[in-house]
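Quick note on the working numbering: the sequence shown kicks off at 9 and runs consecutively.
From the three backbone atoms N, C-alpha and C, an ideal C-beta is built for every residue, glycine too.
What follows is a set of notes on a single structure, which appears directly below.
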Amino acid sequence: MPLAYSCGTQIEKLETISSIKGLYLDIQNNGCKIPISMVTNDATFGMLSALWLEECIHFMWWYGNGIPEGLTEDLKAPDEFLEREIGCFYEKAGEKERADFLCRYKEALTDQDFPDICNSKRADDIFQEIDRKIGEARSYLILRVKAVCLLTNCRPEELFEEGQGWTDSIPIKSDDYFELSNNMVFALDPMGEKEIDLVPKTLRNDSGSSCTIYVSYFDKDHTENNRQYSITLPPYGILRVVFTNRDLRKLAFVKGNISCADAERAIVQSGEENGIQLYYVRKLEKPLAFPHIEFYRDAAADAMGGAVILGSREFYSTVTSKTYLEKGKDDLPIRCFRSGRQWARLYSNGRLESEFVNDRELDGVTAVAEDGDRGLLICRKGEAYDYRGDGLSKPISLENFWDIMMERFSGDGCCETVRTQLTRFTVNKSRIKAESI
C-alpha cells in the first residue's frame, strides 16, 4: 500500500535531488503532514526512506566525491554505499557512524549553491529542538527525525500531524519502569516535615500471569492503626506510584489507573504486553482506545470525555489540543489527577497546583488520592485533608486517608474498581468494563 500524507495525497518518490523543492512546497504551502509513526515504525520508515532518503544518499556520494562537470542528476551511489548509509537509521549501527552520517548529510543538503534546502543555522536550530525534546530517545530514532525534518525544512511540529504532541510517540530510554515480582512488599511513608524529593515510577508486572504485591502502613506508635493492603496486577499490568526520597521501597502514595471526570465516564490506563494503552470508558459502552502513544508518564480524565496526558516533555489536553506546559522534564509535574470537577497536578518538590477553593497552590504535599467522581484528598506535611464536595479542606486521620486511597484495590476478583454515583468501573485480569450500579 503506497504511503500518503495525512491530507490524502500520495507521497511520491524523489527522482532527482532537485525535486526536494517540490517536497518542501507540499509540506509548507499545501499543509501536507505525515504521522510520526512513519518514522518510528521500521516497516513504514523503510518505505519512506526509499521514497525520500535514497536520492539524498546518492547525492551525498557524488557530493563527497566531487560533483562531476556538467551536473548530472541520474548518477547513483554504489550499492554498498547506499546499504551502509541506510543502515545508520537502524539500531545495529554504531554511534560514530550515525554522527558521521548526519554531519555529511547536513553539509550536502545545506550547500548554498545546490540544493540549498535550508541554511546551516536553521538546520542547527531544528536539530537542537529535536535534541531538547527527545534527547533520551534511541539515537537511530533521533537521526530519523532529524533527517526528515532537514529534508523538508520543517520543525517537527510543522511536519508531523501530531503537532506539539509528536514527542509522545517516540520511545524513550526511560528509567520510569519498576519491574515487580510476586509478593513484593512496600511501606507507605507520609514523610511529615522531611525534605521532599518525590520520585515517580510505574510499577509493571512484566509477565503473562497476575501478580500480587503488598503495601503496609505503620503509624509512629505501631498501634492497632497499622494497615496492610494487597494489590493484584493483571498480566502486564501497571500502576502509577510515587516513591519518597529515592528509597524505592517507601511509597508516598499509589495512584491507580482509573480517573473519573463525572459519574458515567472515566479514563483508564491499561498495561499491555507491548506497552501502555489509554482508554475512554463510558457506562454500558465498549472501551474506546485513544490513538497509541508510545511512551507517556501519566494521564487523568479531562472535560468532555478527553484526557490530560503527561508526556516526556509536554503536559497537554486531548480535548482542546492545548499544551498546558512545554518545558524540560524536571519542570513538569510528576502526576496529574481528576475526580469529578476537581483537578490537581503534583510536582517532585511537593508543590500542588489545583482547583481547590482556597488552596489553589500548596507546598509540602506528598500524596493525593482520587475518590471516584467525589473529589480529591491530600497528605501534606504528615497530615491528611479531605477536599471532596465543596473543595474546602477538612482534616481527617491518616488511616482514613490510606483506606480511601487503597479502597479501589479491594474488590473481590478484581484488580481495581472505582464506584461513582451511577457506574462501577473495573479492571480485572482480562478486560476493562463499566457497569450501572
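Using a Cβ distance threshold of 8 Å, Y393 and S405 do not count as a contacting pair. With respect to the 8 Å criterion, E424 and R432 are not classified as neighbours on the basis of their beta carbons.
Judged by DSSP secondary structure, T425 falls within the beta strand (DSSP E) whose first and last residues are 424 to 427. Relative to S224, the option among P242, A107, E203, L259 whose CA is nearest is L259.
With respect to F251, K209 sits close: the two C-beta atoms are nearer than 8 Å. Contact annotation: G173 and E369 have beta-carbon atoms that are not nearer than 8 Å. Inside the stretch 172 to 198, DSSP marks whole beta strand (DSSP E) runs of 3 or more residues at positions 185 to 187, 193 to 196, from first to last along the chain. Residue L110 holds the alpha-carbon nearest to the alpha-carbon of D132 among Y148, S147, L110. Taking the Cα of V47 as reference, the smallest distance to any Cα among A274, S14, V156 is reached at V156. Rounded to the nearest whole angstrom, the C-alpha separation of I25 and C162 is 17 Å. Linking A311 to V327 through their CA atoms gives a straight-line distance of about 7 Å.
Shown here, A269 sits in coil according to DSSP, grouped into three states, outside any helix or strand. Taking C-beta atoms as the reference points, P242 and N436 count as a pair closer than 8 Å. Excluding sequence positions up to five before and after L247, its CB lies within less than 6 Å of the CB of L211, all in the same chain and listed in chain order.
Residues of the same chain with a CB within less than 7 Å of the CB of S177, apart from the 5 flanking positions on each side, are I44, S45, T48, E170, I301, E302 in chain order. Residues of the same chain with a CB within less than 6 Å of the CB of I239, apart from the 5 flanking positions on each side, are I221, F417 in chain order. L430 places its beta carbon 8 Å or farther from that of E280. Assignment of beta-bridge partners to K441 by DSSP yields T434. Distance check between D139 and each of P86, L151, C387, S128 places L151 closest, using alpha-carbon atoms only.
The residue from K100, L158, G380 with its alpha-carbon nearest to that of R112 is L158. With contacts defined by Cβ atoms closer than 8 Å, E201 and G390 form a contacting pair. Residue state for A377 is assigned as strand, using DSSP reduced to three classes. Within the stretch 208 to 263, not a single complete alpha helix (DSSP H) segment reaches 4 residues in length. Within the model, the alpha-carbon separation for V249 versus E407 is close to 19 Å. Sixteen is the threshold: when 16 or more other Cβ atoms of the shown chains lie within 10 Å of the Cβ of C96, as they do, the residue is buried.
Of the candidates N265, Q136, C64, the residue whose Cα lies closest to the Cα of R343 is N265. Nearest to G383 by C-alpha distance, out of Y355, A375, F345, is F345. When DSSP states are grouped into helix, strand and coil, L149 belongs to the helix group. By the criterion of a C-beta distance shorter than 6 Å, E20 is surrounded by no residue of its chain, once the five residues flanking it on both sides are discounted. Where D411 is concerned, the enclosing alpha helix (DSSP H) starts and stops at 406 to 414.
With contacts defined by Cβ atoms closer than 8 Å, A375 and I412 do not form a contacting pair.
Around the CB of E63, 16 or more other CB atoms lie within 10 Å, so the residue is classed as buried. Between A195 and the set N234, L286, E166, the nearest pair of CA atoms involves N234.
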